[in-house]
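2 is the number of the first residue of the sequence shown in our numbering; add one for each residue after it.
Single-structure report; data block below.
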Amino acid sequence: MSSLPPYASDALAFALAYLLGSIPFGLLLTRGAGAGDIRSIGSGNIGATNVLRTGRKDLAAATLLLDALKGAVAVFLGGWLAPGGAMVAALGAFFGHIAPVWLRFRGGKGVAVFIGALLALHWPTGLIVCAVWLAAAYLWRFSSLSALLASASAPFVLWSFGHGEQALVVALMAALLWWKHSENIARLLSGTESRIGQKT
């Protein structure tokens, strides 16, 4: 644990988590593999779902894993820096992903980072939320709908385990995730949303 004052430790946890979360793995991996700029295809998003539209399942899986690890590592780092640093770091990593300074604050939608941070904060809740995502994806084949349902369930699951303070932070992250999915929500309502694996 850091010997810094609590407010300084929290600020440091947020800053480091933000920088970690802002690493655009989807963009870096696709460029490195010669697949071009991921922002120019499909939804233009830098996350795993859009990487999958390149036809490279290996790159999509790597993006998903690395983005989730950003959230998890940030939480563990934040918890080491300060008693409440884990929650601050979860928020920092999420902000870093959806608004990275390197990409003029135009980042991804934060689903993998959300899940990775949640698994690190309270792994039973993380597993339940993953199960909700998988069930929704199996039933309806919409990545966006799966993310919306899974993220909405997370604060309630945390609260049911007695983690009310964490539930509030995760509720804020879920609200931001829904905001980032506003266009997806509109397409879901109009019946024009792309299904998992479908190229656009």
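Built from N, CA and C at the ideal position, the CB exists for glycine as well.
Every value quoted in this text rests on a predicted model; they were computed, and no experiment measured them.
By how many angstroms is the C-alpha of I186 removed from the C-alpha of L146?
Within the sequence shown, numbered from 1, the residue matching residue 146 stands at position 145. Within the sequence shown, numbered from 1, the residue matching residue 186 stands at position 185. Approximately 8 Å between the Cα atoms of the pair.
First and last residue of the uninterrupted alpha helix (DSSP H) at H182:
The sequence position of residue 182 within the sequence shown is 181, counting from 1. It is not in any alpha helix (DSSP H) - H182 carries neither H nor E in the DSSP assignment.
Identify which residue in Y19, K58, G109 and V74 has its Cα closest to the Cα of L28.
Taking the sequence shown and counting its residues from 1, one reaches residue 28 at position 27. It is G109 whose Cα lies nearest to the Cα of L28.
Would you mind working out which of T126, A12 and I197 sits nearest G165, comparing C-alpha positions?
Along the sequence shown, read from residue 1 onward, the residue named residue 165 stands at position 164. The candidate whose alpha carbon is nearest that of G165 is T126.
Indicate, with yes or no, if the ligand FAD has a heavy atom lying under 7 Å from the CB of Y8.
Ligands are entirely absent from the displayed structure, and the ligand FAD is therefore not among its contents.
Which listed residue (A113, G79 and A18) has its alpha carbon closest to that of I47:
What you label residue 47 is simply residue 46 of the sequence shown in a count that begins at 1. Looking from the CA of I47, the closest CA among A113, G79 and A18 belongs to A113.
Check whether V76 and A87 have beta carbons under 8 Å apart:
As a working mapping, residue 76 is identified with position 75 in the sequence shown. As a working mapping, residue 87 is identified with position 86 in the sequence shown. Judged by their CB atoms, V76 and A87 are nearer to each other than the 8 Å cut-off.
Rounded separation between A172 and A100 - CA only
Position 171 of the sequence shown holds residue 172. Position 99 of the sequence shown holds residue 100. Going from the Cα of A172 to the Cα of A100 covers about 18 Å.
Pick from G163, S183 and R142: whose alpha carbon is nearest that of T50?
Walking along the sequence shown from the start, residue 50 turns up at place 49. Closest in C-alpha terms to T50, from the list G163, S183 and R142, comes R142.
Given K71, which residues of its chain have a CB within under 6 Å of its CB, disregarding the five upstream and five downstream residues?
If you number the sequence shown from 1, residue 71 lands on position 70. Sequence-distant partners of K71 (beyond 5 residues in either direction) whose C-beta falls short of 6 Å from its own C-beta, in its chain, are L21, G22, A94 and V114.
On the three-state DSSP scale, how would you describe E166?
For the purposes of this step, residue 166 is taken as residue 165 along the sequence shown, with counting starting at 1. Correct three-state label for E166: helix.
Is the CB-CB distance between T64 and L30 below 8 Å?
Working through the sequence shown from its first residue, we reach residue 64 at position 63. Working through the sequence shown from its first residue, we reach residue 30 at position 29. Cβ atoms of T64 and L30: closer than 8 Å.
Span of the alpha helix (DSSP H) around R57
Looking up residue 57 in the sequence shown gives position 56. First-last for R57: undefined, no H or E at that position.
Taking Cβ positions, are V89 and A176 nearer each other than 8 Å?
Looking up residue 89 in the sequence shown gives position 88. Looking up residue 176 in the sequence shown gives position 175. Going by C-beta atoms, V89 is not nearer than 8 Å to A176.
Which residue from A132, S161 and W160 puts its Cα closest to that of A151?
Position 150 of the sequence shown holds residue 151. Minimum Cα distance to A151 is reached at A132.
So which of W81, R107, L60 and Y19 has the shortest CA-CA distance to G37?
If you number the sequence shown from 1, residue 37 lands on position 36. Closest by alpha carbon: L60.
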